[in-house]
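Residues in the sequence shown are numbered from 380 upward in steps of one, following our numbering.
For glycine and all other residues, C-beta sits at the position ideal for the given N, C-alpha and C.
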Amino acid sequence: MSVGAILLLALVLRLPAMGWGLPNPLHPEVSLHPDEAYFLAWAEWLFDGRIIAKHFQYGGTLFYSLLHGCTLLADLLGMGDMHGRIVVARVASLLCSLGSLIVTYLAASTLFSRRVGVLAMLLLAVMPGHLFWSQRARPEELFALEFALNAWMMARFYRGMGSERWNLLLAGLMLGATIATRFPGGVLALGYLVVLHQRHGSAMALVRAPRLYLAVGYTVLGYVVASPHTLFYFDSFLAGLAVQWSYQSAPPVWTMGYGSVWWQYLSVVFPQSVGYPLLPLLLCGLVCALLVRDKRDLCLWVVIAAYALLLFRASWVMVRYTVPLLPLLAIIAAAGLDRFARRWLTTPSRRQGALLALVLTVGGSLVPDLAYSRALMQPSPQDRAAIWLVRHLPKGSVIAGKLEYRGDAFTLPAAASIHRWRYALHWSDLLADPRWRFLVVNREQVADIERLGEDYPDPHARQAWLLLRKQLEPVLLATFATRVNGLDPLLLFTAYDYRQFMATIDIMRRKGVSARDAR
Numbered sequence: 380m381s382v383g384a385i386l387l388l389a390l391v392l393r394l395p396a397m398g399w400g401l402p403n404p405l406h407p408e409v410s411l412h413p414d415e416a417y418f419l420a421w422a423e424w425l426f427d428g429r430i431i432a433k434h435f436q437y438g439g440t441l442f443y444s445l446l447h448g449c450t451l452l453a454d455l456l457g458m459g460d461m462h463g464r465i466v467v468a469r470v471a472s473l474l475c476s477l478g479s480l481i482v483t484y485l486a487a488s489t490l491f492s493r494r495v496g497v498l499a500m501l502l503l504a505v506m507p508g509h510l511f512w513s514q515r516a517r518p519e520e521l522f523a524l525e526f527a528l529n530a531w532m533m534a535r536f537y538r539g540m541g542s543e544r545w546n547l548l549l550a551g552l553m554l555g556a557t558i559a560t561r562f563p564g565g566v567l568a569l570g571y572l573v574v575l576h577q578r579h580g581s582a583m584a585l586v587r588a589p590r591l592y593l594a595v596g597y598t599v600l601g602y603v604v605a606s607p608h609t610l611f612y613f614d615s616f617l618a619g620l621a622v623q624w625s626y627q628s629a630p631p632v633w634t635m636g637y638g639s640v641w642w643q644y645l646s647v648v649f650p651q652s653v654g655y656p657l658l659p660l661l662l663c664g665l666v667c668a669l670l671v672r673d674k675r676d677l678c679l680w681v682v683i684a685a686y687a688l689l690l691f692r693a694s695w696v697m698v699r700y701t702v703p704l705l706p707l708l709a710i711i712a713a714a715g716l717d718r719f720a721r722r723w724l725t726t727p728s729r730r731q732g733a734l735l736a737l738v739l740t741v742g743g744s745l746v747p748d749l750a751y752s753r754a755l756m757q758p759s760p761q762d763r764a765a766i767w768l769v770r771h772l773p774k775g776s777v778i779a780g781k782l783e784y785r786g787d788a789f790t791l792p793a794a795a796s797i798h799r800w801r802y803a804l805h806w807s808d809l810l811a812d813p814r815w816r817f818l819v820v821n822r823e824q825v826a827d828i829e830r831l832g833e834d835y836p837d838p839h840a841r842q843a844w845l846l847l848r849k850q851l852e853p854v855l856l857a858t859f860a861t862r863v864n865g866l867d868p869l870l871l872f873t874a875y876d877y878r879q880f881m882a883t884i885d886i887m888r889r890k891g892v893s894a895r896d897a898r
């Protein structure tokens, strides 16, 4: 009963924002969630034999195989346009999210108890990081489901459930498939080694066990089955790893000025991934798990520590990178809270106080969850700005827009045919162009310039923006942003990959331009 109620709660929390930014007449071929349309197109290229390096940027092609299946299903259902394909892909991500809740319950119940399983499932259901990525066609929820499945297999090993040979086969195939989704999933192998070491009693006995090498073979087999393209296009595979390395070899501008990467993950990304209301309860459970140590925790702690080291070595600071860890954190925190309850909550008054704290923290987590989902139920600022431009600027007006990167179709309003748009990749290009009369800016593109000041890594871009700003009227023509009851949710969600979906669009006019000479 409790498992069903939590699943229903999770579904209610995850459904509202499923329709945000979908393709519409303003932008029929893309959604406003970056990369969704590209991912689906690349998946079709992969199965058509048009191989590019980005097919292997995650280390394997399992995610693209899933998207290809979504495309086939959408076509079968008569939803073959980009809108329908993205809807089907988002539903698949939602199902992965709900599946990871169920598997987290199974893993925690197997390793500890049913009470721990229910609590772990509840904690995971309301964590913002787990919730928000269930509404997008991205690989994060698939990766989280695979982490939960591997944790369940570790629990089965520990408990000696079923044949060890059969468990080795399933675990090897699952681990291989996880690596084929994202290479960092390889850290799960450390958890399996811990469990096998506990079962065999010594490191030497483990090393000499032939089944260990059999498990390695199963893992390789699982990877090849999940990502067969790696064998056929090995050069593209290496090029894809180089693409990912290029992303992680230099710090992006949004991470600058906030301290080291590990500090940003600990002080911003992790709290905003699990949610500020839930953070005290989660930390209490983790501390209790450390104080009252249990061998059953060790396989999960090892994976968390190894994955955290990878995060601290990354250049990009992203909430979505933490999503696969959330099922493991929920299990350990729930187990720690259960130990705390059994040892110290020995009186009715203490148990009532603990129950009240649980209700308040979980209930408090629903407030930002619902606020963010409600915000994404509104029309996007980009679409509202596009409609405003058509209604308020004269036909033939020349409008300038700054793209964040080549192929950027997400951060600015869609261009209407009645206007003439001048797009540029650099502020200096707009500065040198006398033809445009209005400027449309996504405030995220200038926020870091103004925040970092003289420390901005590209002084030429900063200088160009400052000079360009002097050419603009001081009063904005219009601003479009996402608001929740008059409060800006960015006050709570300040991490980069939350913030980029909460666009603020400013529309400005060049000095000396009136309605008559706007063309």
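If I follow the unbroken beta strand (DSSP E) through residue i, where does it start and stop?
i    : result
K781 : 777-781
A516 : That residue, A516, is in no beta strand (DSSP E); it is neither H nor E in DSSP.
F859 : 857-860
For the putative contact between residue i and residue j, defined by C-beta atoms under 8 angstroms, what is the C-beta separation to the nearest angstrom?
i    : j    : result
A556 : G601 : 5 angstroms
I465 : L419 : 7 angstroms
T883 : A860 : 4 angstroms
V632 : P413 : Between P413 and V632 the Cβ distance is about 16 angstroms, and since that is not below 8 angstroms, they are no contact.
L768 : P792 : 6 angstroms
W512 : S759 : 18 angstroms between Cβ atoms; not a contact.
A750 : A714 : Their Cβ separation, rounded to whole angstroms, is 30 angstroms, which puts A750 and A714 out of contact at 8 angstroms.
A736 : L661 : With a Cβ gap of about 12 angstroms, A736 and L661 do not count as contacting.
R494 : D717 : 6 angstroms
V653 : Y875 : Not confirmed; about 17 angstroms, so no contact.
V574 : Q651 : Between Q651 and V574 the Cβ distance is about 32 angstroms, and since that is not below 8 angstroms, they are no contact.
Using the C-alpha atoms, what's the distance from residue j back to residue i?
i    : j    : result
H805 : G775 : 24 angstroms
A897 : V819 : Caution is warranted here: a pLDDT of 48 is assigned to A897, below 50, making its placement in the model unreliable, and no coordinate value can be reported.
F649 : H771 : 43 angstroms
A468 : T701 : 21 angstroms
F435 : L679 : 28 angstroms
V741 : L501 : 8 angstroms
P838 : Y637 : 19 angstroms
I797 : A416 : 26 angstroms
R729 : V738 : 14 angstroms
E525 : V604 : 15 angstroms
G428 : S646 : 44 angstroms
S472 : L851 : 43 angstroms
W624 : S606 : 20 angstroms
S672 : L552 : The amino acid at residue 672 is misidentified as Ser; the sequence shows Arg. Going by the C-alpha atoms only, they are around 30 angstroms apart.
R753 : A396 : 7 angstroms
L705 : V599 : 26 angstroms
V913 : Y626 : Any answer about residue 913 is impossible in this case: the structure gives the chain only from 380 up to 898.
Please return the same chain residues whose Cβ sits closer than 7 angstroms to the Cβ of residue i, not counting the five positions on each side in sequence.
i    : result
E783 : T790, Q824
L593 : L547
D748 : L392, V505, P507, L510
L831 : M635, G636
A733 : A720, L724
F426 : H447
A530 : A486, L679, P706, L707, I710
Output needed for residue i: all residues of its chain with C-beta closer than 6 angstroms, excluding positions within five of it in sequence on either side, in chain order.
i    : result
A843 : W806, S807, L810
A499 : T483, A487, A709, I710, A713
Y802 : G780, L782
A693 : Q627
Y430 : According to the sequence provided, residue 430 is Ile. The question's Tyr does not apply to it. For I430, where only same-chain residues beyond five positions count, the Cβ hits under 6 angstroms are Y612, S615.
Which residues in the same chain as residue i place their Cβ atom closer than 8 angstroms to its Cβ, once the five residues preceding and following it in sequence are excluded?
i    : result
R590 : E543, R544, L547
L387 : none
Who does residue i pair with in a DSSP beta bridge?
i    : result
Y802 : G780
R888 : F817
N529 : DSSP output for N529 lists no bridge partner at all.
T883 : A860
Residue i lies in the alpha helix (DSSP H); which residues open and close that run?
i    : result
T557 : 543-560
H406 : First-last for H406: undefined, no H or E at that position.
P853 : P853 -> no alpha helix (DSSP H), and no H or E assigned at all.
E829 : 823-831
Y484 : 461-490
I431 : Taken as a continuous stretch (DSSP letters only), I431 belongs to no alpha helix (DSSP H), as it is neither H nor E.
V382 : 381-393
K674 : 674-692
S615 : 613-627
P747 : 727-756
M720 : It should be noted that the sequence gives Ala, not Met, for residue 720. A720 -> alpha helix (DSSP H) spans 705-723.
V505 : 493-505
Y597 : 589-605
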